[in-house]
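Under the numbering used here, residues 1106 to 1418 are what the sequence shown spells out, in order. What follows is one structure encoded as structure tokens, with my remarks underneath.
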Amino acid sequence: MEKKLISIIIPAYNEAENIPFIYREIKDIFKNIPYKCEIIFVNDGSADNTQEILKNLAGKDEQVKYLEFSRNFGKEIATTAGINKCNGDACFMIDADLQHPTELIPKFIEKWEAGAETVIGIRKKNNNEGLVKRFGSLLFYGFMNKAGGTKIIPNATDFRLIDRKVINEFNKFTEGNRITRGLLDWLGFKKYFVYFEANERIRGKAGYGVFKLFNLTVDALVGHSLFLLKLVGKLGVIIILTSGPLGIFIFIEKYILNDPFDFNFSGPAILAVIILFLVGIILVCLGLIALYIGNIQNEVVNRPLYVIRDKKI
Ligand code: UDP
Ligand code: MG
């Protein structure tokens, strides 16, 4: 029987130092299991000599393929491109920095053969993460799951295997503003979880700073749910429910009962407070509407998701 093909997709942004190591690890693993593999590196506009190293590897090993982006498009788009172009019966998404333990690959494949259509790596802990990042991820999952949009599994990582069926469905998504794992969760399919401890990043720098992660969270919130818009609606209701009765109280107290409590509210003061409140609401609404319109705009113009300068696939 023909051996099944497994595609390994590795987004790489300035990972020149890590590529030889991850390549070696994967080759070693596939020596011992009865599967063919193709390793697809997606060079996400690296500024170092990542591309040179990839070309070199690809020249020597026909299992190594690459896509080179014309600039940095971000990891989500890089993994998307890999999934779009891969040929495997299943594909893996793995970080280039060796933080995802490649020795678990056979276990993922085993679960896949046993019927799982998506095998998801769940991170147990990450010693290397700062407090801000950890708190941020807590907020992120809390928010996303409260928001009632796509349910996202806490600590689920991009370290995943997906079946060809899932790949084909994933390839139908057209949105530009995307979180790959969010879309995969949205797709459903039979899931299986594998728990692992993330290794520390030994070489190179993490490409995701706090700012980039914050942007990712905002994108996820706007792209996957109407939470923010609904929040503003609720805020509006609360303000109306408090300022309305207050206004009525002032009106009755001052003008109908002729100020029995001696509050002596001045007309302009009352007006100023009310107007300030309303202006505040309007500004918040405008800001949010801008966010949503920005999102719609991105989808409507339907730009290509990425631009490839060079490839071997
Ligand atoms: N990455 C990418 N484009 C970027 C940033 C990162 O392709 O703009 C890749 C990076 O090379 C690595 C993976 O995405 O293979 C995870 O990145 P990183 O280690 O910086 O993220 P973290 O481990 O903090 O989630
Ligand atoms: Mg990393």
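Glycine residues also receive a C-beta, built at the ideal position from the N, C-alpha and C atoms. Quantities reported herein were computed from a predicted structural model and do not represent experimental measurements.
How would you label residue i, buried or exposed, when you count the other beta carbons within 10 angstroms and need 16 or more for buried?
{"i": "F1178", "result": "buried"}
{"i": "L1414", "result": "The residue asked about is misnamed: residue 1414 is Arg in this sequence, not Leu. Classification for R1414: exposed."}
{"i": "I1394", "result": "exposed"}
{"i": "R1283", "result": "buried"}
{"i": "T1207", "result": "buried"}
{"i": "T1262", "result": "buried"}
{"i": "R1265", "result": "buried"}
{"i": "N1346", "result": "Checking the sequence shown, residue 1346 turns out to be Leu, not Asn. Classification for L1346: exposed."}
{"i": "G1352", "result": "exposed"}
{"i": "A1377", "result": "exposed"}
{"i": "V1412", "result": "exposed"}
{"i": "F1275", "result": "buried"}
{"i": "D1367", "result": "exposed"}
{"i": "M1106", "result": "exposed"}
{"i": "V1271", "result": "buried"}
{"i": "V1384", "result": "exposed"}
{"i": "G1235", "result": "exposed"}
{"i": "Y1118", "result": "buried"}
{"i": "A1219", "result": "exposed"}
{"i": "L1388", "result": "exposed"}
{"i": "F1370", "result": "exposed"}
{"i": "I1199", "result": "buried"}
{"i": "G1460", "result": "Here the chain covers residues 1106 to 1418 and nothing more, so residue 1460 does not appear."}
{"i": "I1214", "result": "buried"}
{"i": "K1317", "result": "exposed"}
Rounded to whole angstroms, what's the CA-CA distance from residue i to residue j? Just pull it up for me.
{"i": "N1192", "j": "I1386", "result": "51 Å"}
{"i": "R1454", "j": "N1123", "result": "One cannot answer for residue 1454 here, as it falls past the ends of the chain, which runs 1106 to 1418."}
{"i": "L1426", "j": "G1341", "result": "Only positions 1106 to 1418 of the chain appear in this structure, which leaves residue 1426 out of reach."}
{"i": "L1396", "j": "V1323", "result": "9 Å"}
{"i": "E1280", "j": "E1404", "result": "6 Å"}
{"i": "K1160", "j": "R1306", "result": "24 Å"}
{"i": "I1311", "j": "I1145", "result": "In the sequence as displayed, the identity of residue 1311 is Ala instead of Ile. If I take the Cα positions, the gap works out to 20 Å."}
{"i": "I1158", "j": "V1169", "result": "11 Å"}
{"i": "T1185", "j": "T1223", "result": "16 Å"}
{"i": "G1392", "j": "I1258", "result": "29 Å"}
{"i": "N1304", "j": "H1205", "result": "7 Å"}
{"i": "E1358", "j": "F1332", "result": "39 Å"}
{"i": "L1362", "j": "Y1246", "result": "53 Å"}
{"i": "K1339", "j": "C1390", "result": "12 Å"}
{"i": "C1196", "j": "C1142", "result": "9 Å"}
{"i": "A1221", "j": "D1268", "result": "8 Å"}
{"i": "F1298", "j": "F1174", "result": "32 Å"}
{"i": "I1210", "j": "F1248", "result": "31 Å"}
{"i": "T1285", "j": "G1314", "result": "18 Å"}
{"i": "E1167", "j": "V1237", "result": "42 Å"}
{"i": "L1321", "j": "L1243", "result": "14 Å"}
{"i": "G1293", "j": "P1373", "result": "58 Å"}
{"i": "L1162", "j": "G1309", "result": "19 Å"}
{"i": "D1364", "j": "I1375", "result": "15 Å"}
{"i": "I1134", "j": "F1319", "result": "36 Å"}
{"i": "I1398", "j": "W1291", "result": "23 Å"}
{"i": "G1081", "j": "S1348", "result": "The structure shown does not extend to residue 1081, since the chain spans only 1106 to 1418, so no value can be given for it."}
{"i": "F1354", "j": "I1380", "result": "17 Å"}
{"i": "L1410", "j": "K1295", "result": "28 Å"}
{"i": "V1327", "j": "K1212", "result": "35 Å"}
{"i": "N1189", "j": "L1336", "result": "36 Å"}
{"i": "K1108", "j": "Y1140", "result": "5 Å"}
{"i": "N1273", "j": "K1416", "result": "21 Å"}
{"i": "F1356", "j": "A1325", "result": "45 Å"}
{"i": "D1194", "j": "W1217", "result": "11 Å"}
{"i": "I1401", "j": "Y1360", "result": "49 Å"}
Determine which residues share a DSSP beta bridge with residue i and list them.
{"i": "S1112", "result": "E1143, C1196"}
{"i": "T1184", "result": "Paired residue(s): none; T1184 is not in a bridge."}
{"i": "R1308", "result": "Bridge partners of R1308: none, in fact."}
{"i": "E1173", "result": "N1148, D1415"}
{"i": "D1268", "result": "A1195"}
{"i": "F1178", "result": "Partner(s): none; F1178 has no beta bridge."}
{"i": "R1228", "result": "F1301"}
{"i": "K1296", "result": "T1223"}
{"i": "A1261", "result": "I1227"}
{"i": "A1117", "result": "N1148"}
For the putative contact between residue i and residue j, defined by C-beta atoms under 8 Å, what is the C-beta separation to the nearest angstrom?
{"i": "E1120", "j": "S1151", "result": "7 Å"}
{"i": "I1115", "j": "A1201", "result": "5 Å"}
{"i": "L1172", "j": "I1418", "result": "7 Å"}
{"i": "F1382", "j": "I1343", "result": "Contact doesn't hold; Cβ gap of about 11 Å is too wide."}
{"i": "I1131", "j": "I1113", "result": "6 Å"}
{"i": "G1226", "j": "F1301", "result": "5 Å"}
{"i": "A1183", "j": "D1149", "result": "4 Å"}
{"i": "N1260", "j": "R1239", "result": "Rounded, the Cβ-Cβ distance is 11 Å, inconsistent with contact."}
So with Cβ pairs under 8 Å, would you call residue i a contact of chain B?
{"i": "F1370", "result": "You won't find chain B in this structure, because it holds only one protein chain."}
At a cut-off of 7 Å, would you count residue i as near ligand 3, judging by its Cβ distance to the nearest heavy atom?
{"i": "E1120", "result": "In terms of ligand content, the structure shown lacks ligand 3 and carries ligand 1 and ligand 2 instead."}
- Using the beta carbon as the reference atom, which residues fall closer than 7 Å to any heavy atom of ligand 2, ordered along the chain? D1200, D1202, Q1204, R1306, A1311
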